[in-house]
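S.K.: From first to last, the protein sequence lines stand for chains A and B.
Quick note, my numbering runs 13 ahead of the 1-based positions in the first sequence.
Oh and the second sequence: position 49 is 34 in my numbering, straight run, nothing missing.
We treat Cβ as the ideally placed atom computed from N, Cα and C, and that holds for glycine.
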Amino acid sequence: MKQNVLMNLHHAGRILRLAAAVVALCGFVNVVTTAHADETCSSPYLARIEGQEEFLYVWTLGVEGLGDGADKLVVIDVKPGSSNYGKVIYSHSVPGRNEAHHCGFTDDRRQLWLAGLDSSKIFIFDVHSDPARPRYVKTIEDFERATGGAAGPHGAYPLPGRMLVPCLSNAKDKSGRTALVEYSNEGNFIATHWLPTRDDARGVAGAEFADGYGYDARVLPRKNVLLTSSFTGGKNYMRDFADLAKDAEAMSHFGGSMILWDFHTRQPKKVFNVPGAPLEIRWAWGKKNNYAFSATALTSKLWLCHEDKNGEWQAKEIATVGGQGGVLPVDISLSADDRTLFVDCFGDGKCRVFDVSDPHHPRQIYEKQIGRQVNMVSQSWDGKRLYFTSSLLAHWDKAGDDNEQFVRAYAWNGRELTPKFAVDFTALKLGRAHQMLFGSTKVGK
Amino acid sequence: MKTFFTVTLLVVHAVALAEGDPASRPADYDYDPPAPGSYALPVIKPAADGALVDSNNQPVSLRELTRNRITVMSFIYTRCAAAKACPFATRVLLQIHRASADDPAVARELRLVSLSFDPANDTPERMAAYSVLASKRPTAAPWHFVTARSAPELQPILAAYGQAVDQKKDPRDPAGPLNHTLRVFLIDRAGNIRNIYSSDTLDPRLVLADVRTLLLEAAPSEPRAR
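In structure tokens:
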């Protein structure tokens, strides 16, 4: 066999022509036979769903006196044509109420990590063996000790073979001083990277804006950059919001920064002044689109972080969301073609849709009342389906009749949102629906 | 099958021969790599042992291939024809192999390993044919092409390294019959995994910077227990 190959190699010209054709063919076939899909906000390192999502995983906060009162992973069937379409088909409760918040798959999509902001516990489920019925694997119980004092794991962002866990707080004083933490896919601690502050600037540009707060963390691999945003610490996010809002001193302890990092070295490079708690970050997907959007919750602004023509990274305010007064924009979702940005506003329960084909000049084109409160939005890769949840934080959700708890699904045709199904999480005694992720039995690379 | 094997090799050779200068700045990796030694590579986990067979059909332990040198190890299967998967990983290892031929310090301390997760098809004979990639650079770092005797012997290795592999529903998929995550591991001299690369991060400039960062570290220590 080896002799044959060596003989072939001697016919280099003929072989190269044939091989080039084979390579071109393989590339073509790969494109036409593999229709990868997913949520548009997922990590670029995540193995992709092939075709359409089949399940919606909903990380849900328990409510005292409602059902078993515990946080739980809820599975909704969203497979087209299924007799259970739009229905809850499974739920698995974890011990207690942990301030269930965000979650994330490992990069191979075999595990789902569910983070608790209050307990600092991370619950790990196997979603590979039976995606319709995730199997509990284990809990990371010693997060604060293992990480050297980071607290309030906000979510879990897949990197190759490991998870990046951006935090909101710390164990020492429960303020917003916090860190990025890395764990292996097996759930073993790797490293803690504290966010820079004015007193611990580590040579970062814009050190005067370094407040040490954290929230989201997302990577643009092509540019080797990591971008982080900032919210507030445990003392604030675990406090009743109406009470908090009257406390001017406490309200001064919110993040007002975004940080650009060298991703490979995990070293902070530049701090941007972004007042008003910039939350979710969405990098554009286009090969030449070197920019990301964010929205500031307290000041109701859209921000753009972008590489300018000189190769320098900048951040600037690009639009107001909801006019004067503030509508508390909490989640954003960018379409896969980078042209449409959906902005969920907790304050008035509306989803506002912006044309961002010119990212420097967004233009609102539509708005829809989703509920009396709305938090997260997940969008399918083809832009045709959007799913919404209702809960922001246990102590920040609205009260009385305004405290609707739901998952609601809509179809988007480029002009308007049309209801597809709704699941009432209160009527089903499930709790407060927070973040959603897509599941499927068909996962590619 | 023989035809398919030859075509697969041609694909590998084509991408290998088409690869450019590892020092260049391609569109998919549009940044300057960091200076070696200017950053830390924390331990991720110990590199697990396992029973393998080399391209001469001789038994070899994975431990032998992941200790006393810095190791860059790629999980592959030779039937893979997905453009951004195994042929791509092999191309990057080839670039590193070429770079090591021109850098005695790297060649002296580095080894490359291509480990097949398709033992039923990737026999020692087939891995030997694949190893022609490494045969023309006597001054380069050693490059080992290994496989397992059987799926049961392979399985604990895949589990320990977190290498996901599934059969595709369509075994005739032109990109190859297996679904898998692209995984390349950087392992220090003591046998600790220090980085894990996927197609989005498998930039040969970064891998070489990481290798040289490990070269600048102090003497090796025992693998860190977990």
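Chain B partners of Arg123 (chain A), CB-CB under 8 angstroms?
M.R.: Start at 1 with the first residue of the first sequence, and residue 123 (chain A) comes out as number 110. Residues of chain B passing the Cβ test: Ala149.
S.K.: With a floor of 4 residues, list each alpha helix (DSSP H) that falls wholly inside the stretch 224 to 302 of chain A, ordered by position along the chain.
M.R.: Qualifying alpha helix (DSSP H) stretches, in chain order: 247 to 250, 254 to 258 and 261 to 264.
S.K.: Would you mind sorting Met449 (chain A) into buried or exposed? The rule is 16 or more other CB atoms within 10 Å of its CB.
M.R.: Stepping through the first sequence from its first residue, residue 449 (chain A) is reached at position 436. Its Cβ being crowded by 16 or more others within 10 Å, Met449 (chain A) is buried.
S.K.: Note down the Cα distance separating Gly360 (chain A) from Lys248 (chain A), rounded to an integer number of angstroms.
M.R.: If you number the first sequence from 1, residue 360 (chain A) lands on position 347. If you number the first sequence from 1, residue 248 (chain A) lands on position 235. The alpha-carbon atoms of Gly360 (chain A) and Lys248 (chain A) are separated by roughly 22 angstroms.
S.K.: How far does the alpha helix (DSSP H) with Thr431 (chain A) in it extend, from its first residue to its last?
M.R.: Numbered from 1 along the first sequence, position 418 holds the residue referred to as residue 431 (chain A). Run containing Thr431 (chain A): none in the alpha helix (DSSP H); it sits in the beta strand (DSSP E), Leu430 to Asp437.
S.K.: Would Thr431 (chain A) be called buried (16 or more neighbouring beta carbons within 10 Å of its own) or exposed?
M.R.: Here residue 431 (chain A) refers to the residue found at position 418 of the first sequence. Thr431 (chain A) comes out exposed.
S.K.: Give every residue of the same chain whose Cβ lies closer than 7 angstroms to the Cβ of Lys381 (chain A), excluding the five residues on either side of it in the sequence, and list them in chain order.
M.R.: In the first sequence, the residue the question calls residue 381 (chain A) occupies position 368. For Lys381 (chain A), where only same-chain residues beyond five positions count, the Cβ hits under 7 angstroms are Lys363, Cys364 and Leu430.
S.K.: Is the Cβ of Tyr182 (chain B) closer than 8 angstroms to any Cβ of chain A?
M.R.: Stepping through the second sequence from its first residue, residue 182 (chain B) is reached at position 197. With 8 angstroms as the cut-off, Tyr182 (chain B) counts as an interface residue toward chain A.
S.K.: Using 10 angstroms around the beta-carbon of Ala163 (chain A), count the other beta-carbons present and answer buried if the total reaches 16, otherwise exposed.
M.R.: For the purposes of this step, residue 163 (chain A) is identified with residue 150 of the first sequence, where counting begins at 1. Answer is buried; the Cβ neighbour count reaches 16.
S.K.: Determine the contact status of Pro179 (chain A) and Thr241 (chain A), defining contact as a CB-CB distance below 8 angstroms.
M.R.: For the purposes of this step, residue 179 (chain A) is identified with residue 166 of the first sequence, where counting begins at 1. For the purposes of this step, residue 241 (chain A) is identified with residue 228 of the first sequence, where counting begins at 1. Contact: yes.
S.K.: Counting only beta-carbon atoms, is Thr132 (chain B) nearer than 8 angstroms to chain A?
M.R.: Here the question's residue 132 (chain B) lines up with position 147 in the second sequence. For Thr132 (chain B), the answer is no, since every Cβ of chain A falls outside 8 angstroms of its Cβ.
S.K.: Can you say whether Gln337 (chain A) is buried or exposed, counting buried as having 16 or more other CB atoms within 10 angstroms of its CB?
M.R.: Locating residue 337 (chain A) in the first sequence gives position 324, where the first residue counts as 1. It is exposed - the Cβ of Gln337 (chain A) has fewer than 16 other Cβ atoms within 10 Å.
S.K.: Got a sec: which bits of the stretch 351 to 377 of chain A sit with their beta carbon under 7 angstroms from any beta carbon on chain B, in order along the chain?
M.R.: Taking 7 angstroms as the Cβ-Cβ cut-off against chain B, none of the residues of the stretch 351 to 377 of chain A qualify.
S.K.: For Arg197 (chain B), which residues in the same chain have their Cβ closer than 6 angstroms to its Cβ, ignoring the five residues on either side in sequence?
M.R.: Residue 197 (chain B) sits at position 212 when you count from the first residue of the second sequence. Excluding positions up to five away in sequence, the list reads Pro21.
S.K.: How about Lys85 (chain A) and Ser104 (chain A): are their beta carbons less than 8 angstroms apart?
M.R.: Locating residue 85 (chain A) in the first sequence gives position 72, counting from the first residue. Locating residue 104 (chain A) in the first sequence gives position 91, counting from the first residue. Yes; because the gap between Cβ atoms is below 8 angstroms, this pair is in contact.
S.K.: Hey, Ser23 (chain B) and Thr333 (chain A) are a contact pair by Cβ (cut 8 angstroms); roughly how many whole angstroms apart?
M.R.: In the second sequence, counting from the first residue as 1, residue 23 (chain B) sits at position 38. In the first sequence, counting from the first residue as 1, residue 333 (chain A) sits at position 320. With a Cβ gap of about 41 angstroms, Ser23 (chain B) and Thr333 (chain A) do not count as contacting.
S.K.: Which same chain residues, not among the five before or five after Leu143 (chain B), have their C-beta less than 7 angstroms away from its C-beta?
M.R.: Within the second sequence, the letter at position 158 stands for residue 143 (chain B). Same-chain partners within the cutoff: Phe102 and Val150.
S.K.: Since Asn177 (chain B) meets chain A, which of its residues come closer than 9 angstroms, beta carbon to beta carbon?
M.R.: Here residue 177 (chain B) is taken as the residue at index 192 of the second sequence, counted from 1. Residues of chain A passing the Cβ test: none, with the nearest at roughly 11 angstroms.
S.K.: Would you call the stretch 436 to 450 of chain A and the stretch 371 to 386 of chain A touching, i.e. three or more CB-CB distances under 8 angstroms?
M.R.: No, they do not touch.
S.K.: If you count every other CB in all the chains shown that lies within 10 Å of the CB of Asp256 (chain A), and 16 or more means buried, which is it?
M.R.: Counting from one through the first sequence, the residue named residue 256 (chain A) turns up at place 243. So Asp256 (chain A) ends up on the exposed side.
S.K.: Would you mind telling me which residues of chain C sit closer than 9 angstroms to Thr278 (chain A), beta carbon to beta carbon, in chain order?
M.R.: Reference to chain C is not applicable here, since the protein chains of this structure are A and B.
S.K.: Who are the neighbours of Lys30 (chain B) on chain A, taking C-beta pairs under 8 angstroms?
M.R.: Reading the second sequence from its first residue, position 45 is the one you call residue 30 (chain B). Correct list: Ser197, Glu199 and Asn201.
S.K.: Using 8 angstroms as the limit for Cβ to Cβ distance, is Asp103 (chain B) near chain A?
M.R.: Residue numbering aside, residue 103 (chain B) sits at position 118 when the second sequence is read from its first letter. No, Asp103 (chain B) lies away from the interface with chain A (no Cβ there is under 8 angstroms from its Cβ).
S.K.: Examine the Cβ distances between the stretch 366 to 376 of chain A and the stretch 387 to 403 of chain A and report whether three or more of them are shorter than 8 angstroms.
M.R.: Touching, no.
S.K.: Is the beta carbon of Ile272 (chain A) sitting closer than 8 angstroms to the one on Arg231 (chain A)?
M.R.: Locating residue 272 (chain A) in the first sequence gives position 259, where the first residue counts as 1. Locating residue 231 (chain A) in the first sequence gives position 218, where the first residue counts as 1. The answer is no: Cβ separation not under 8 angstroms.
S.K.: Which runs of the beta strand (DSSP E) fall wholly inside the stretch 57 to 109 of chain B and span at least 3 residues, in chain order?
M.R.: As far as the stretch 57 to 109 of chain B is concerned, its whole beta strand (DSSP E) runs of at least 3 residues are 95 to 101.
S.K.: Measure the Cβ-Cβ separation of Val420 (chain A) and Val71 (chain A) and say whether it is below 8 angstroms.
M.R.: Reading the first sequence from its first residue, position 407 is the one you call residue 420 (chain A). Reading the first sequence from its first residue, position 58 is the one you call residue 71 (chain A). Cβ atoms of Val420 (chain A) and Val71 (chain A): closer than 8 angstroms.
S.K.: Let me know the beta strand (DSSP E) ranges lying completely inside the stretch 102 to 173 of chain A, each 3 residues or longer, listed in chain order.
M.R.: Those beta strand (DSSP E) runs which fall completely within the stretch 102 to 173 of chain A and span 3+ residues are 113 to 118, 124 to 129, 135 to 139, 148 to 153, 163 to 166 and 170 to 172.
S.K.: Can you find the residues in the same chain that come closer than 6 angstroms, C-beta to C-beta, to Pro281 (chain A), ignoring five residues on each side of it along the sequence?
M.R.: Here the question's residue 281 (chain A) lines up with position 268 in the first sequence. The answer, listed in chain order, is Pro209, Val217, Ile272 and Trp274.
S.K.: Step through the CB atoms of chain B and report whether any lies within less than 8 angstroms of the CB of Lys236 (chain A).
M.R.: Start at 1 with the first residue of the first sequence, and residue 236 (chain A) comes out as number 223. Lys236 (chain A) counts as touching chain B.
S.K.: In three-state terms, what does DSSP make of Arg190 (chain B)?
M.R.: Position 205 of the second sequence, counted from the start, is the residue given in the question as residue 190 (chain B). In the structure shown, Arg190 (chain B) sits in a helix (DSSP, three-state: H, G or I).
S.K.: Kindly list, in the order they appear in chain A, the residues whose Cβ is closer than 7 angstroms to that of Thr166 (chain B).
M.R.: Numbered from 1 along the second sequence, position 181 holds the residue referred to as residue 166 (chain B). Here the neighbours are Ala60, Asp120, Asp121 and Lys458.
S.K.: Can you give, in chain order, each stretch of the alpha helix (DSSP H) that sits fully within the stretch 103 to 170 of chain B and has at least 4 residues?
M.R.: For the stretch 103 to 170 of chain B, whole alpha helix (DSSP H) runs of length 4 or above, ordered along the chain, are 109 to 115 and 136 to 146.
S.K.: Would you report the Cα separation of Thr119 (chain A) and Ser197 (chain A), rounded to the nearest angstrom?
M.R.: The residue you call residue 119 (chain A) lines up with position 106 of the first sequence. The residue you call residue 197 (chain A) lines up with position 184 of the first sequence. Those two C-alpha atoms are separated by around 9 angstroms.
S.K.: Candidates A:Gln418, A:Val287, A:Gly165 and A:Gly219: which alpha carbon is nearest Val194 (chain A)'s?
M.R.: Along the first sequence, read from residue 1 onward, the residue named residue 194 (chain A) stands at position 181. Cα-wise, what sits closest to Val194 (chain A) is A:Gly165.
S.K.: Report the residues of the stretch 282 to 305 of chain A with a CB closer than 9 angstroms to any CB of chain B, ordered along the chain.
M.R.: Flagged, chain order: Lys300, Lys301 and Asn303.
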